[in-house]
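A.B. asks: Residues 693 to 952, numbered by the working numbering, are exactly what the sequence shown covers, in order. Ideal placement from N, C-alpha and C gives every residue a C-beta, glycine not left out. I'd like to ask you about the structure that follows.
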Amino acid sequence: MIEILNPTLLTRAAGTGALVADILHTLKGRSTAGTNLLDIDRWAKAMITEAGALSCYVDYAPSFGRGPFGHYICTAVNDAVLHGRPRDYALADGDLLTLDLAVSKGGVAADAAVSFLVGDGEHPESVAMINATERALAAGIAAAKPGARIGDLSHAIGTVLSEAGYAVNTQFGGHGIGSTMHQDPHVANTGRPGRGYELRPGLLLALEPWVMADTAELVTDADGWTLRSATGCRTAHSEHTIAITADGADILTLPKHMRP
C-alpha cells in the first residue's frame, strides 16, 4: 500500500516527526559510558507515553522477526546494525551505538535513526562510516522531488556508499510510511536511476542508508531480531522521514535545534 497524505495528515506527520527527533536527541545525550540499553528503552517508553503517542515497535511482528519486538526502541551496538533488541548491556567508552525509533501520533508514524560514538574514545574508522551514511542520506533527500523515481533516490544513496568503499546490502532499506510504519514503496540503498515508483507531493518516505565496515552479509542473533555483520565488523545507520512537497522534500525528523 502506498499512501498520499492530505494537508491535515501532513501537519500531523510533522508533529510526529518532531517528537521522534526530540526523543532521539534526548536519548543520545543520555547514552554515556555505563548506561544500560534497558534504561534507554525505559526512557523511550516514558517519553512516548508522556507525549500521548504510541510505539510502532512493541507489538511489531513481521515475518522476519521472532514474535512481537516487545521494546520501544532499537538499540544496536558495534557489530549490530538493524532491529537491535534492547538487552542487559552497559555501554562502554568508544562503543558505536545506533538508536532507531518509530512512533505514531495522531494516526501518522515517523521513523528515524542516528549512529554515534559513546564517550570520548577515538575510532576514526567508525566516524568515517557514520559520516558516509549521513552523506548518503543527504544525497537521497536531495534527489527526492515530485517526478523523481525511487531508483533516483536509491542511486544517489548507493553512489555515496560505494564511493566511500562500502558494500551495500539490499535486503533492508528505506520504505514508505504513513498510517503504519512500513509501507510500499521499498527504497533500496542502491539502484538504477529512472526506475520505480514516481514520487508525488504528500508521499512520506523513511530513507535509511546503513553499512557494515567490511561485508554486506548479515547474521541474526539468537533473540530472533538483532541483525549483525557476518564478520563482526562495526556498522552504522542513519535515517530520516521526509515528506515530498511541490518543490522537493521536507525533513520531518530534524531535532529542535536544526529545524527552521
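Does the beta-carbon of Y781 have 16 or more other beta-carbons within 10 angstroms, so that it is buried, or is it exposed?
C.D. replies: So Y781 ends up on the exposed side.
A.B. asks: Among R887, T918 and M873, which residue has its Cα nearest to the Cα of Y752?
C.D. replies: The shortest C-alpha separation from Y752 is found at M873.
A.B. asks: Could you tell me whether the segment 907-921 touches the segment 812-826, using the rule of 3 or more Cβ pairs below 8 Å?
C.D. replies: No, they do not touch.
A.B. asks: Rounded to a whole number of angstroms, what is the C-alpha to C-alpha distance between A710 and S747?
C.D. replies: If I take the Cα positions, the gap works out to 15 Å.
A.B. asks: So, does the segment 789-800 touch the segment 852-859, judging by three or more C-beta pairs under 8 Å?
C.D. replies: With the cut-off at 8 Å, the segment 789-800 and the segment 852-859 do not touch.
A.B. asks: In terms of alpha-carbon separation, which member of G776, A935 and N823 lies closest to G757?
C.D. replies: For G757, the nearest C-alpha among the options comes from G776.
A.B. asks: With DSSP collapsed to three states, give me the class of P838.
C.D. replies: Coil.
A.B. asks: Which residues in the same chain as G726 place their Cβ atom closer than 6 Å to its Cβ, once the five residues preceding and following it in sequence are excluded?
C.D. replies: Closer than 6 Å at Cβ, skipping near neighbours: A782.
A.B. asks: Give the DSSP bridge partners of W902, in chain order.
C.D. replies: Note: W902 sits in a beta bridge opposite H929.
A.B. asks: Is it buried or exposed, D787, if we count other Cβ atoms within 10 angstroms and call 16 or more buried?
C.D. replies: That one is buried.
A.B. asks: When the distance is taken between beta carbons, is V773 closer than 8 Å to L853?
C.D. replies: Result no, Cβ atoms of L853 and V773 do not sit closer than 8 Å.
A.B. asks: Per DSSP, what are the beta-bridge partners of D803 in this structure?
C.D. replies: Answer is A794, bridged to D803.
A.B. asks: Do you know offhand how far W735's Cα is from A820's?
C.D. replies: Using only the alpha carbons, I get a separation of about 29 Å.
A.B. asks: Going by beta-carbon coordinates alone, are A804 and A745 separated by less than 8 Å?
C.D. replies: Not in contact: A804 and A745 (Cβ atoms no closer than 8 Å).
A.B. asks: Apart from the five residues on each side of it in sequence, which residues of its chain come closer than 7 Å, Cβ to Cβ, to P877?
C.D. replies: I694, I842, G868, G888 and Y889.
A.B. asks: Counting only the same chain and skipping the five closest in sequence on each side, list residues whose C-beta sits under 6 Å from that of V800.
C.D. replies: Excluding residues within five positions, the ones whose Cβ falls inside 6 Å are L701, R704, A705 and T708.
A.B. asks: Let me check one thing: in DSSP terms, what residues is D942 bridge-paired to?
C.D. replies: According to DSSP, which records beta bridges pairwise, D942 is partnered with A935.
A.B. asks: Please report the residue range of the alpha helix (DSSP H) in which L719 lies.
C.D. replies: L719 -> alpha helix (DSSP H) spans P699 to R722.
A.B. asks: List, from N- to C-terminal side, the beta strand (DSSP E) runs of 3 residues or more that fit wholly inside the segment 808-859.
C.D. replies: The segment 808-859 contains no whole beta strand (DSSP E) run of 3 or more residues.
A.B. asks: Would you identify the three-state DSSP class for H949, choosing helix, strand or coil?
C.D. replies: Helix at H949.
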